[in-house]
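Report on the following structure.
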């Protein structure tokens, strides 16, 4: 169900978007997952098919997609994973409007860790989402339902959100591409904020090329959204990017963390071998600027930004919140404005250190694991907060440092869940990262054909 | 000593050097005569004359043609470090001896400038009045019943009394513009980040700017140009490349905005109201179009600064010191800074989010206009009046200045008239970030130089 295949089918056979809609609803109804919070009626989507133009005019002509339930559409309520918080938006979020105008068929809204607070996929009153390869394992979150819906082929792509890794972690664990564009490239107008200064809309897809195409449809400065930005993307093209001319950085031995998971370490080592043989240079770099930044996010005042986002609701509805989410957000109450300013100063100097690191090693991009290990649902229930933070070791710092990221599949843990690699670059390098992402996947498939799927 | 023995501005003094009418050594003799007989409370610390004369000797090896500040004496507000003098920030108990000079000072020295000493200020740069200092009250240069304005009070007096050619101040909420406005000077507040803040005791680290007080717009611009430049040691530093090219629209095609009559606040001062009307008429005959705009964006941003979490930012610098030395702090200053403790991290994030929206609105306005012209201050105050109502008067003084740094704008204040009581009436020309050159160009058209002391 990737976009290219479906479009080819529309153009070359008598298969139509109406057939796609039938197939989509059949798959969703015959599949028992907690991926969805709300679905549109099949009739409503069928009617929308009549309005479609043609694949030539609409880049997403007849492509079914889902959105995480913290993103507004006028046709379904928004819950943010909390029934008591639910409201009916008057209009589509800016991104949803653009995708629908480009021919995309919105199918429904997906499950998430409540208020996008979590990287696990278990913190939802709509049920825990399970890993697509092994249902004893977590799906990852917070965009859990979006990952599962794409991995189970319910839809061609889905939107998530990503503040600290919520778009990358579930993509990695379910064998998908998870693309987190540069902050501000895609408007967050109409998205329930987690940390407004950091939030991004992200994309789950089967390939980087698909993800990049979707991001292109959604990009652009939105004058209504104060956090949307104009910037000059670094252009690159699949055919002309030559990996052997690029230098990649990976964490040095003291920066790599697998939390005792030897299979993850082996998966990363084998990916590094492929990288080493295809890229021009590979530098092992000091990772402390990234870990220090990550500590600021969860061990600092940014949790108060989550509180600020829902403060009046939070105060009046404590019992409506998932207990773990409530515990996390409550930590926000302990920070003062003074600590906030101090954390911002610290962040400014970490940003400068990050830039220095990149230029000192002449890096075009960084590559890390997406997660250093994986957990069963039971393991997460036993230690919900500690293990959540372990999952964010390679993802938490990315938005604070204003980087773009894409997670690509790079094999599977022995128990099934997917292992992901994250490609990171400075703001604006979205297109370069996506191009390199697909090339690395091709290279890894050549190195180990058995790992192709 | 007669008036013609006083120290002129940069350009004038340079011409005198070039014509051979006077030597730097003679100038320094005069400077020290004025400074040591000063009775305006302008100075906190003065360098040893022999040290300055030794620097004058070094000038012999340099050509005046390639030394833009050759033999130009200048002063520093006492929150800016100079290796040869202690820094007090207006608080004797806080005083320390810096190991090195602030990079901006280094650049000015490198260009041939001669540091004479450090000037009085509202303690910790907290105030727009010039009275909040244990080193004595600074009084208006034209009428001692009136305030000098602050917090860069001593810098304004040292230049207005022609003891030095120019001075550096700092400007968070108007501290560089207000004292310039009342004492017949040009006060240039550059775009945030163009002049390094390393070695400066900040008011609010994320907002403070080093500012220039000078006799002419040309002089101020020259100092800015020399002192500006990216500094890796200041995480808030910004790139200055290409900023000082003459690439702005011709005056007659510029659009200038002024506040609507309802948005102009003069706090009952009819004289100021008429003075500003005269400036509006001058704008109408000088520029292409004059647009009258509401002031709500600016009022709201100002309100955030003094009645919001930015007060807490002042605590980040001196909070610990104030806690351990409460009796060494000016009572008004202590009250203001301590208010910062009541703000939470959540308050801070809410204010950041609101500010981002206001910035977006301001950006849209500056897409349409080339500059905004406002009174720098709506009225004038006596020292006696200020002592009775310190907080109210301080906030009235900031009505037209407080919002500028929060909204990431640059500004220059220029005198355009005189009150009957003596102090000058000035207007501020405000432009978008990085448009310092165009903004000073507009200000030059409105500047009336005949009101020099």
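Chains as they are written, first to last, in my numbering: chain A, 1 to 453; chain B, 454 to 906. Where is the CB? At the ideal position from N, CA and C, for every residue including glycine.
**Q.** Under 9 Å by beta carbon: chain D residues contacting residue 216 (chain A)
**A.** Although the question refers to chain D, the structure presented lacks it and instead comprises the protein chains A and B.
Q: Locate the beta strand (DSSP E) running through residue 411 (chain A), then write down its first and last residues.
A: Here residue 411 (chain A) refers to the residue found at position 411 of the first chain. Run containing residue 411 (chain A): 403-412, per the beta strand (DSSP E) assignment.
Q: May I ask you to report which of helix, strand or coil DSSP gives residue 453 (chain A)?
A: The residue given as residue 453 (chain A) occupies position 453 in the first chain. Caution is warranted here: a pLDDT of 48 is assigned to residue 453 (chain A), below 50, making its placement in the model unreliable, and no coordinate value can be reported.
Q. With a cut-off of 8 Å, do at least 3 Cβ pairs link the region 749-759 of chain B to the region 543-551 of chain B?
A. Because the criterion of three Cβ pairs below 8 Å is not met, the region 749-759 of chain B and the region 543-551 of chain B do not touch.
Q) Anyone know if the C-beta pair for residue 497 (chain B) and residue 572 (chain B) falls short of 8 Å? A) Taking the second chain and counting its residues from 1, one reaches residue 497 (chain B) at position 44. Taking the second chain and counting its residues from 1, one reaches residue 572 (chain B) at position 119. Yes, they are a contact pair.
Q) Whose CA, out of B:537, B:594, B:650 and B:583, lies closest to the CA of residue 568 (chain B)? A) Here residue 568 (chain B) refers to the residue found at position 115 when the second chain is read from its first residue. Nearest of B:537, B:594, B:650 and B:583 to residue 568 (chain B), Cα basis: B:537.
Q) What distance in whole Å lies between the Cβ atoms of residue 189 (chain A) and residue 86 (chain A), which are believed to be in contact at a cut-off of 8 Å? A) The residue you call residue 86 (chain A) lines up with position 86 of the first chain. The residue you call residue 189 (chain A) lines up with position 189 of the first chain. Wrong, their Cβ atoms sit about 19 Å apart, outside the cutoff.
Q | CA-to-CA distance, residue 178 (chain A) to residue 167 (chain A), given in whole angstroms | A | The residue labelled residue 167 (chain A) in the question sits at position 167 within the first chain. The residue labelled residue 178 (chain A) in the question sits at position 178 within the first chain. Approximately 6 Å, taken between the alpha carbons.
Q: Measure from the alpha carbon of residue 691 (chain B) to the alpha carbon of each residue in B:558, B:674, B:660 and B:525, then state which is nearest.
A: By 1-based counting over the second chain, the position of residue 691 (chain B) is 238. Out of B:558, B:674, B:660 and B:525, B:660 has the C-alpha closest to the C-alpha of residue 691 (chain B).
Q) Are the region 680-694 of chain B and the region 712-729 of chain B touching by the rule of at least three beta carbon pairs closer than 8 Å? A) no
Q.
At a CB distance below 7 Å, what residues from the region 287-309 of chain A approach chain B? Give them in sequence order.
A. Residues of the region 287-309 of chain A with a C-beta less than 7 Å from any C-beta of chain B: 301, 304, 305, 307 and 308, listed in chain order.
Q: Give a yes or no on whether the minimum CB-CB distance between residue 529 (chain B) and chain A is below 8 Å.
A: Walking along the second chain from the start, residue 529 (chain B) turns up at place 76. For residue 529 (chain B), the answer is no, since every Cβ of chain A falls outside 8 Å of its Cβ.
Q: Could you check the C-alpha separation between residue 405 (chain A) and residue 424 (chain A) for me, to the nearest Å?
A: On the first chain, position 405 is the one that residue 405 (chain A) refers to. On the first chain, position 424 is the one that residue 424 (chain A) refers to. Approximately 5 Å, taken between the alpha carbons.
Q) From what residue to what residue does the beta strand (DSSP E) around residue 863 (chain B) run? A) By 1-based counting over the second chain, the position of residue 863 (chain B) is 410. That run of the beta strand (DSSP E) goes 862-871.
Q. So what's residue 560 (chain B) in DSSP terms, helix, strand or just coil?
A. By one-based count along the second chain, residue 560 (chain B) stands at place 107. Helix.
Q) In the region 332-343 of chain A, which residues sit with their C-beta less than 9 Å from some C-beta in chain B, listed in chain order? A) 332, 333, 334, 335, 336, 337, 338, 339, 340, 341, 342 and 343
Q. Just curious, the beta strand (DSSP E) that residue 675 (chain B) is in, first and last residue?
A. Counted from its first residue, the second chain places residue 675 (chain B) at position 222. Unbroken run through residue 675 (chain B) is the alpha helix (DSSP H), 670-680; no beta strand (DSSP E).
Q.
Can you pull the chain B neighbours of residue 352 (chain A), defined as C-beta to C-beta under 8 Å?
A. Here residue 352 (chain A) refers to the residue found at position 352 of the first chain. Here the neighbours are 685 and 688.
Q. Where residue 184 (chain A) and residue 75 (chain A) are concerned, what is the direct C-alpha to C-alpha distance, given to the nearest angstrom?
A. Your numbering for residue 184 (chain A) matches position 184 in the first chain. Your numbering for residue 75 (chain A) matches position 75 in the first chain. Straight-line Cα distance between these residues: approximately 25 Å.
Q. How far does the beta strand (DSSP E) with residue 801 (chain B) in it reach, from first residue to last?
A. Here residue 801 (chain B) refers to the residue found at position 348 when the second chain is read from its first residue. Element bounds for residue 801 (chain B): not the beta strand (DSSP E) but the alpha helix (DSSP H), 798-821.
Q. When you compare only the Cα positions, how much space is there between residue 123 (chain A) and residue 141 (chain A)?
A. What you label residue 123 (chain A) is simply residue 123 of the first chain in a count that begins at 1. What you label residue 141 (chain A) is simply residue 141 of the first chain in a count that begins at 1. Their backbone Cα atoms lie some 9 Å apart in a straight line.
Q | In chain order, each beta strand (DSSP E) run of at least 3 residues that lies wholly inside the region 512-581 of chain B | A | 525-530 and 566-572
Q | Contact set for residue 793 (chain B): own chain, Cβ-Cβ below 8 Å, skip 5 residues either direction | A | For this step, residue 793 (chain B) is matched to residue 340 along the second chain. 762, 764, 765, 766, 767, 768 and 772, listed in sequence order.
Q | Against chain B: residues of the region 193-205 of chain A by CB proximity under 9 Å | A | 193, 195, 196 and 197
Q | Option in B:495, B:489 and B:685 with minimal Cα separation from residue 350 (chain A) | A | Indexing the first chain from 1 puts residue 350 (chain A) at position 350. Ranking the options by Cα distance to residue 350 (chain A), first place goes to B:685.
Q: For residue 877 (chain B), I'd like the list of residues in its chain whose CB is within less than 6 Å of its CB, leaving aside the five on either flank, ordered along the chain.
A: Sequence index remark: in the second chain, residue 877 (chain B) carries index 424 (1-based). Cβ neighbours of residue 877 (chain B) beyond the five flanking positions: 637, 868, 871 and 904.
Q: Identify, in the order they occur along the chain, each residue of the same chain with its Cβ nearer than 7 Å to the Cβ of residue 454 (chain B), setting aside the five sequence neighbours on each side.
A: As a working note, residue 454 (chain B) is residue 1 in the second chain. In this prediction, residue 454 (chain B) scores a pLDDT of 47, lower than 50, which makes its location untrustworthy; no coordinate-derived value is stated.
Q: Taking residue 797 (chain B) as the query, report the chain A residues whose CB atoms sit under 8 Å from its CB, ordered along the chain.
A: As a first step, residue 797 (chain B) is located in the second chain; it is residue number 344 there, counting from the start. 304, 333, 335, 336 and 337, listed in chain order.
Q: Specify the secondary structure class of residue 240 (chain A) as computed by DSSP and reduced to three states.
A: Within the first chain, residue 240 (chain A) is the residue found at index 240, counting from 1. Residue state, collapsed to three classes: coil.
Q. How long is the line joining the alpha carbons of residue 120 (chain A) and residue 884 (chain B), rounded to whole angstroms?
A. As a first step, residue 120 (chain A) is located in the first chain; it is residue number 120 there, counting from the start. As a first step, residue 884 (chain B) is located in the second chain; it is residue number 431 there, counting from the start. Residue 120 (chain A) and residue 884 (chain B) have their alpha carbons spaced roughly 48 Å apart.
Q) Apart from the five residues just before and just after residue 332 (chain A), which ones in its own chain have a Cβ nearer than 7 Å to its Cβ? A) Here residue 332 (chain A) refers to the residue found at position 332 when the first chain is read from its first residue. For residue 332 (chain A), where only same-chain residues beyond five positions count, the Cβ hits under 7 Å are 303, 304, 306 and 307.
Q. Per DSSP, which one or two residues make a beta bridge with residue 484 (chain B)?
A. On the second chain, residue 484 (chain B) is found 31 positions in, with the first residue counted as 1. Residue 484 (chain B) pairs with nothing; no bridge assigned.
Q. Straight-line CA distance for residue 612 (chain B) to residue 527 (chain B)?
A. As a working mapping, residue 612 (chain B) is identified with position 159 in the second chain. As a working mapping, residue 527 (chain B) is identified with position 74 in the second chain. Roughly 8 Å between the two C-alpha positions.
Q.
So, at 7 Å on beta carbons, what are the nonlocal neighbours of residue 504 (chain B) in its own chain, with the 5 sequence-adjacent residues on each side left out?
A. Sequence index remark: in the second chain, residue 504 (chain B) carries index 51 (1-based). These residues qualify, in order along the chain: 537.
Q: Please confirm whether residue 866 (chain B) and residue 893 (chain B) have their CB atoms less than 8 Å apart.
A: By 1-based counting over the second chain, the position of residue 866 (chain B) is 413. By 1-based counting over the second chain, the position of residue 893 (chain B) is 440. It is not a contact, given that the beta carbons lie outside the stated cut-off.
Q. Could you give the distance in angstroms between the alpha-carbon of residue 808 (chain B) and the alpha-carbon of residue 296 (chain A)?
A. For this step, residue 808 (chain B) is matched to residue 355 along the second chain. For this step, residue 296 (chain A) is matched to residue 296 along the first chain. Going by the C-alpha atoms only, they are around 22 Å apart.
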